[in-house]
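Taking it in order: structure first as structure tokens, then the write-up.
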Amino acid sequence: MPAPERIPAGAVTPSVDVPTLLAKGELKVLGQVREASNAVLYCEISYEGESARCVYKPVAGEQPLWDFPDGNLARREVASYEISEATGWGLIPPTVLRDGPYGEGMCQLWIDGDAAEGGALLALIEDEEPGDGWKPVVLAEVAEGRTALLVHADDARLRRLAVLDAVINNGDRKGGHLLPAGDGRLYGIDHGVTFHADGKLRTLLWGWAGEPLPAEAVEVLERLDADLREGTPLATRLAELVTAVELDALRARVAALRTAGVHPAPSGQWPAIPWPPV
Numbered sequence: 645m646p647a648p649e650r651i652p653a654g655a656v657t658p659s660v661d662v663p664t665l666l667a668k669g670e671l672k673v674l675g676q677v678r679e680a681s682n683a684v685l686y687c688e689i690s691y692e693g694e695s696a697r698c699v700y701k702p703v704a705g706e707q708p709l710w711d712f713p714d715g716n717l718a719r720r721e722v723a724s725y726e727i728s729e730a731t732g733w734g735l736i737p738p739t740v741l742r743d744g745p746y747g748e749g750m751c752q753l754w755i756d757g758d759a760a761e762g763g764a765l766l767a768l769i770e771d772e773e774p775g776d777g778w779k780p781v782v783l784a785e786v787a788e789g790r791t792a793l794l795v796h797a798d799d800a801r802l803r804r805l806a807v808l809d810a811v812i813n814n815g816d817r818k819g820g821h822l823l824p825a826g827d828g829r830l831y832g833i834d835h836g837v838t839f840h841a842d843g844k845l846r847t848l849l850w851g852w853a854g855e856p857l858p859a860e861a862v863e864v865l866e867r868l869d870a871d872l873r874e875g876t877p878l879a880t881r882l883a884e885l886v887t888a889v890e891l892d893a894l895r896a897r898v899a900a901l902r903t904a905g906v907h908p909a910p911s912g913q914w915p916a917i918p919w920p921p922v
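Here our numbering runs 644 ahead of the position in the sequence shown, where the first position is 1.
Structure follows, in structure tokens:
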């Protein structure tokens with residue numbers, strides 16, 4: 645199948661909300677994202693006269709991971725979306741779990757990324773210190789033995805995403821998983837390696853490590869702490885998507901972030917930067 649072009653997500657009117665469209669619509673496979681390590685199918689979805697473009701990742705197309713032996717990546721992606729929605733930040737495109745042409749899988753609204761804006765989020769510079777508006781991440785080797793400093797923008801949207809990643813224990817926040825949209829919003833995608841009970845945070849967004857959490861993040865963590873208590877709607881939904889041990893670990897991470905009051909720093913017990921970084 646041909647690789648899809650980045651085209652608009654399609655018309656979705658208020659007559660059908662996006663999660664309903666994704667959950668109940670008819671999926672038609674249009675192509676495959678070839679560079680992905682797991683099966684990622686580009687689809688059109690239609691329901692009650694409305695249509696949109698989406699990504700469908702069937703569980704049957706997942707490659708086994710030795711360090712994620714329980715559950716599947718699709719359910720972790722849906723769990724990540726549930727947490728994103730609970731924060732009120734809307735950082736992950738609408739995502740549902742459903743049956744499709746190749747069995748159960750994750751279905752997510754396709755976002756038409758703005759490449760021009762994406763270039764303003766990450767950069768390699770040859771200076772030892774970043775300029776105003778940038779945060780240092782790590783020194784990286786470049787051509788001919790030279791090194792350059794990897795930096796990311798000191799952007800409130802990225803900072804929210806860094807907090808979300810710490811909560812869901814994202815083991816793979818690469819540059820290519822950042823999708824700035826044309827309307828100014830920033831989305832994160834590819835959340836299959838999340839919610840592990842052990843610390844697995846790997847990200848390019850370490851620029852705020854050790855800095856106090858913004859007031860809005862503190863408020864979000866307080867709300868999450870309440871929303872994750874046993875028997876709440878959010879906890880009940882998550883219990884269907886991740887293991888009981890992972891759900892307890894999620895609660896513990898939220899509590900630890902609230903107590904520390906700062907962005908986490910690399911633990912030194914696990915590679916802090918994903919590979920490849922983009």
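The beta-carbon is built from N, C-alpha and C at its ideal position, and this holds for glycine as well.
For Val-862, the enclosing alpha helix (DSSP H) stretches over residues 859 to 871.
Annotation: the region 705 to 792 contains the following complete segments of the alpha helix (DSSP H) (minimum length 4 residues), in chain order: 717 to 731, 759 to 762.
About 17 Å separates the Cβ atoms of Leu-674 and Glu-694, ruling out a contact at the 8 Å cut-off. Residue pairing of Val-837 in beta bridges, as defined by DSSP: absent, with no partner found. Within the DSSP bridge table, the entry for Ile-689 names Leu-671, Ala-696 as partners. Where Pro-824 is concerned, there is no enclosing alpha helix (DSSP H), although the beta strand (DSSP E) around it starts and stops at 822 to 824. By the CB criterion at 8 Å, Arg-873 and Glu-726 fall outside the cutoff.
Comparing alpha-carbon positions, the option among Asp-743, Gly-732, Thr-731, Ala-680 lying closest to Glu-670 turns out to be Asp-743. Residue state for Ala-909 is assigned as coil, using DSSP reduced to three classes. Here Val-795 carries a strand assignment [DSSP, helix/strand/coil].
Counted as a single uninterrupted DSSP element, the stretch harbouring Leu-885 is not any beta strand (DSSP E), since DSSP gives it neither H nor E. Counted as a single uninterrupted DSSP element, the alpha helix (DSSP H) harbouring Leu-808 occupies residues 800 to 812.
When secondary structure is reduced to three states using DSSP, Arg-678 falls in the coil class, being assigned neither helix nor strand. Take Leu-848, set aside five residues on each side of it, and the residues of its chain with a beta-carbon closer than 8 Å to its own are Leu-766, Val-781, Leu-794, His-796, Arg-817, Lys-818, Gly-819, Ile-917, Pro-918, Pro-921, in chain order. Secondary structure of Thr-876 (DSSP, three-state): coil.
Here Leu-783 is exposed. Its C-beta has fewer than 16 other C-beta atoms within 10 Å. Scanning its chain for C-beta atoms nearer than 6 Å, with the 5 sequence neighbours on each side dropped, one finds around Thr-731 the residues Val-864, in chain order.
Within its own chain, the residues whose Cβ lies closer than 6 Å to the Cβ of Asn-682, once the five positions on either side in sequence are excluded, are Gly-705, Glu-706, Gln-707, listed in chain order. When secondary structure is reduced to three states using DSSP, Pro-663 falls in the helix class. If you draw a 10 Å sphere on the C-beta of Gly-832, you find 16 or more other C-beta atoms in it, and that means buried. Measuring C-alpha to C-alpha distances from Ala-806 to each of Asp-827, Trp-852, Ile-736 identifies Trp-852 as the nearest.
Per DSSP, the continuous beta strand (DSSP E) segment holding Leu-830 begins and ends at 830 to 832.
Here Ser-911 is exposed, its C-beta having fewer than 16 other C-beta atoms within 10 Å. Linking Gly-875 to Ala-841 through their CA atoms gives a straight-line distance of about 20 Å. The C-beta of Thr-838 has 16 or more other C-beta atoms within 10 Å across all chains shown, which makes the residue buried.
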